[in-house]
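The structure under discussion appears below in the form of structure tokens.
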Amino acid sequence: METLHHHINPKANLSLFFASSFLLCYFSIAMSCSVTAGTDSIPTTSLISFLQSLQSAALKTFGPTSFDPKLYIDLPLKHGLAPTQDAFSNLTRSPCDGEIPAPDLKAFLALYFEDAGSDLIPALPVDFVSEPEGFLPMVENPIVKAWALEVHSLWKNLSRRVSDDVKKHPEMHTLLPLPEPVVVPGSRFHEVYYWDSYWTIRGLLASKMYDSAKAIVHNLISLVDTYGHVLNGARSYYSNRSQPPLLSSMVFDIYKRTGDLAFVKKALPALLKEHRFWNSGIHRVIIRDAHGHRHTLSRYYAMWNKPRPESATIDEESASKLPNDLEKEKFYRELASAAESGWDFSSRWMSNSSDLTTLATTSILPVDLNAYIFKMEHDISFFAELLGDGFTSKKFMKASKTRYAAMKSIFWNAKMEQWLDYWLIDESDEEEVHQWKAENQNHKIFASNFIPVWTETCSSDRTNVNKIVKSLQRSGLVHDAGIATSLSNTGEQWDFPNGWAPLQHMIVEGFAKSGSTKARSVAENIAIRWIKTNYAAYKSTGAMHEKYDVEACGKIGGGGEYKPQGRRLQPSFAANPEKCSPVLIPSILYLQ
Numbered sequence: 279m280e281t282l283h284h285h286i287n288p289k290a291n292l293s294l295f296f297a298s299s300f301l302l303c304y305f306s307i308a309m310s311c312s313v314t315a316g317t318d319s320i321p322t323t324s325l326i327s328f329l330q331s332l333q334s335a336a337l338k339t340f341g342p343t344s345f346d347p348k349l350y351i352d353l354p355l356k357h358g359l360a361p362t363q364d365a366f367s368n369l370t371r372s373p374c375d376g377e378i379p380a381p382d383l384k385a386f387l388a389l390y391f392e393d394a395g396s397d398l399i400p401a402l403p404v405d406f407v408s409e410p411e412g413f414l415p416m417v418e419n420p421i422v423k424a425w426a427l428e429v430h431s432l433w434k435n436l437s438r439r440v441s442d443d444v445k446k447h448p449e450m451h452t453l454l455p456l457p458e459p460v461v462v463p464g465s466r467f468h469e470v471y472y473w474d475s476y477w478t479i480r481g482l483l484a485s486k487m488y489d490s491a492k493a494i495v496h497n498l499i500s501l502v503d504t505y506g507h508v509l510n511g512a513r514s515y516y517s518n519r520s521q522p523p524l525l526s527s528m529v530f531d532i533y534k535r536t537g538d539l540a541f542v543k544k545a546l547p548a549l550l551k552e553h554r555f556w557n558s559g560i561h562r563v564i565i566r567d568a569h570g571h572r573h574t575l576s577r578y579y580a581m582w583n584k585p586r587p588e589s590a591t592i593d594e595e596s597a598s599k600l601p602n603d604l605e606k607e608k609f610y611r612e613l614a615s616a617a618e619s620g621w622d623f624s625s626r627w628m629s630n631s632s633d634l635t636t637l638a639t640t641s642i643l644p645v646d647l648n649a650y651i652f653k654m655e656h657d658i659s660f661f662a663e664l665l666g667d668g669f670t671s672k673k674f675m676k677a678s679k680t681r682y683a684a685m686k687s688i689f690w691n692a693k694m695e696q697w698l699d700y701w702l703i704d705e706s707d708e709e710e711v712h713q714w715k716a717e718n719q720n721h722k723i724f725a726s727n728f729i730p731v732w733t734e735t736c737s738s739d740r741t742n743v744n745k746i747v748k749s750l751q752r753s754g755l756v757h758d759a760g761i762a763t764s765l766s767n768t769g770e771q772w773d774f775p776n777g778w779a780p781l782q783h784m785i786v787e788g789f790a791k792s793g794s795t796k797a798r799s800v801a802e803n804i805a806i807r808w809i810k811t812n813y814a815a816y817k818s819t820g821a822m823h824e825k826y827d828v829e830a831c832g833k834i835g836g837g838g839e840y841k842p843q844g845r846r847l848q849p850s851f852a853a854n855p856e857k858c859s860p861v862l863i864p865s866i867l868y869l870q
């Protein structure tokens, strides 16, 4: 490997890593109601309620082994809801525990439901070509290029359009109608997800599929127009929460590549609406710092206090030890709010890392969420200036500066040289203002403590960036195969030893564009480790995976409430031993 590095053009370096890693990143992640503060929960639908009953019955009948509750909540109806409910009610049940005999339930499912995911139709992207012109021009090694092109080819397998029946009969589907073609994560996830879509778009841009990238944004805008925010995913049961707000970043990156001002003009109203969603009502928190200055920051807070429909049987089991309905409702809200964060689940949100019922997501001001909103405000200012709206541009530039000051005051820890989440442990005063206390910063180390370096303002101070680089190096997060999500091995998927592509990308890109030679060197080292583990795992399994164990190169991650997801490529590459030489691994960095 050492010799190989000496024979590759050093100017290619990290810029080439980014273009290829966006392809890898997406395949590794695994994705109108008006609600005001104080609302416990948005209404559910009759279809979702029925499918939850079916889910519960299926668990009782088939047992917990390999049981996936999401499968049942995603089933499209073949007939109307009323006759399906009647047929379900008439099924024979055990007089002892109400269990439906397995043959009867299987026959019912076959007669009354289509397969989960069948309401998405395969659709070849109009802008896909097997080898785009100018794709990876600096890659000379044919083995590495073959791998990259196989990853690129996954767009054909993951592209879908919503079936016409969803649009004609939405009451028979939990899948939501979307106006344009979609890209899905694959495996058990038969729908679009919000923050996953950012890395989808980065990969599509690397593949020069600009129309497909714009289509994803248009779909997300349609959700904002209908619900007032981008949903966690494009299912009716996800309408109670959002996910990390990266829509403005999607628009920004597409504009930078295409220069399409009309696209920006179409997106801006949705971005303004999304900003209001994250900065009002239940998401908005006011906190007074040590100097008496008031700051406004944002938190995750789902509009839900019941079991998540897609995981209802799991949530009910987790809540079973709680003493009363009030405690269960609080727990269900914290579960859904953790899902809104994208980090579902992690010790980051727990007061006791060994007890999931101590989730307290709504009582935490998260570093990364506010970094994303800071970038959103900066992006909106940029877009408004492009469109000649000076008033809006100045307003949002001021808002971004105000949030940056709040982040420095509330999150920054000079001793650790990291941004730390803040726990809202103490009650607010009569004006609903919290008082900042140093001991309420979460001093545990998470990869999210370094996410602000991804934003331009936070990465532009070279002196500070160099301190942050040293902090990361001594944090214990950096391992042989990348950056760990946390230092706590809890069995949750957003904890040690798992590493996730979005976290690697944001930290690496932030360091690389900072202008610091030291930061860029560390970024390149982390990028090498991450690409190596992707390649090694692919070499042994033939698939790209959503998470990896950072303790060993090529080791797949685990934990969480569902089976680890992977997307299989064509088998020929992994099956050919000549295409698995470890000396070739680092050269994937030099894709562009």
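Taking the working numbering as reference, the numbering of the sequence shown is continuous, increasing by one, and the terminal residue is 870.
Ideal placement from N, C-alpha and C gives every residue a C-beta, glycine not left out.
So, using beta-carbon positions, are residue i and residue j closer together than 8 Å?
i, j, result
"Ser881", "Lys653", "What the structure shows of the chain is the stretch from 279 to 870, and residue 881 is not part of that stretch, so it cannot be assessed."
"Ala725", "Val828", "no"
"His561", "Tyr579", "yes"
"Asp758", "Ser764", "no"
"Gln771", "Gly835", "yes"
"Ala401", "Arg439", "yes"
"Pro455", "Val470", "no"
"Asn720", "Trp701", "yes"
"Arg577", "Leu643", "yes"
"Ser324", "Leu359", "yes"
"His571", "Ile688", "no"
"Gly468", "Ala394", "According to the sequence provided, residue 468 is His. The question's Gly does not apply to it. Their beta carbons are under 8 Å apart, which means His468 touches Ala394 by this criterion."
"Ala545", "Arg586", "no"
"Val529", "Leu664", "no"
"Ser475", "Leu498", "yes"
"Gly412", "Leu436", "no"
Sorted by chain position, which residues of the same chain lie with C-beta nearer than 7 Å to residue i's C-beta, five sequence neighbours on each side aside?
i, result
"Met487", "Pro403, Asp405, Phe406, Trp433"
"Glu839", "Ser589, Ile592"
"Lys551", "Val502, Gly506"
"Lys796", "Asn744, Val747"
"Ala315", "Note that Ala315 scores a pLDDT of 37, beneath 50, so its modelled location is shaky; the value from the coordinates is reported in the next line. Cβ neighbours of Ala315 beyond the five flanking positions: Gly559, Ile560."
"Asn691", "Leu698, Gln719"
"His357", "Tyr390"
Please work out which residues of its chain come closer than 6 Å, Cβ to Cβ, to residue i, disregarding the five sequence neighbours upstream and downstream, and give them in chain order.
i, result
"Pro730", "Ala649, Trp697, Cys736"
"Val703", "It is worth fixing the name first, because residue 703 is Ile in this sequence and not Val. Taken in chain order, the residues that qualify are Asn718."
"Lys825", "Asn776, Trp778, Gly835"
"Met685", "Asn648"
Roughly how far, in whole angstroms, is the beta-carbon of residue i from the beta-carbon of residue j, given that I think they are within contact range, below 8 Å?
i, j, result
"Ser794", "Arg740", "5 Å"
"Gly788", "Trp732", "4 Å"
"Leu483", "Asp531", "6 Å"
"Ser500", "Leu509", "In fact, because the Cβ distance is near 11 Å, the residues do not count as touching under 8 Å."
"Thr339", "Ala380", "5 Å"
"Val563", "Leu575", "6 Å"
"Thr639", "Ser625", "Actually they do not touch by this definition, with Cβ atoms about 12 Å apart."
"Ala683", "Ser671", "19 Å between Cβ atoms; not a contact."
"Trp477", "Tyr813", "18 Å between Cβ atoms; not a contact."
"Trp582", "Ile320", "7 Å"
"Pro882", "Trp473", "The chain is shown from 279 up to 870; residue 882 falls before or after that span and cannot be answered."
"Phe391", "Leu453", "Not really, about 13 Å apart at Cβ, beyond 8 Å."
With DSSP run on the structure shown, which of helix, strand or coil describes residue i?
i, result
"Ile399", "strand"
"Phe652", "helix"
"Trp556", "helix"
"His573", "strand"
"Gly376", "coil"
"Leu643", "strand"
"Ser331", "helix"
"Arg438", "strand"
"Ile421", "helix"
"His757", "strand"
"Gly742", "One detail in the question is off: residue 742 reads as Asn in this sequence, not Gly. Of the three classes helix, strand and coil, the one that applies to Asn742 here is helix, per DSSP."
"His783", "helix"
"Phe724", "strand"
"Ile320", "coil"
Check the Cβ-Cβ distances between residue i and every residue of chain C, and say whether any is below 8 Å.
i, result
"Trp772", "Judged by its chain identifiers, the structure shown contains no chain C, having just a single protein chain."
Please return the same chain residues whose Cβ sits closer than 8 Å to the Cβ of residue i, not counting the five positions on each side in sequence.
i, result
"His221", "With the chain covering 279 to 870 only, the question about residue 221 has no answer from this structure."
"Leu369", "Ile378, Asp382, Leu383, Phe386"
"Leu337", "Phe345, Pro347, Thr591"
"Leu539", "Tyr533, Leu664, Leu665"
In the region 479-530, which residue ranges form an unbroken beta strand (DSSP E) of at least 3 residues, counting only runs that do not cross its ends? With a minimum length of 3 residues, there is no unbroken run of beta strand (DSSP E) contained wholly in the region 479-530.
Where in the region 668-721 do unbroken runs of the alpha helix (DSSP H), each at least 4 residues long, occur, reported from the N-terminal end onward? If we require 4 residues or more, the alpha helix (DSSP H) runs fully inside the region 668-721 come out as 668-688.
If we require 4 or more residues per run, which alpha helix (DSSP H) segments fall completely within the region 601-626? Qualifying alpha helix (DSSP H) stretches, in chain order: 603-619.
Quick one: which unbroken beta strand (DSSP E) runs of 3-plus residues sit fully inside the region 784-846? Chain order, please. As far as the region 784-846 is concerned, its whole beta strand (DSSP E) runs of at least 3 residues are 821-823, 825-827, 844-846.
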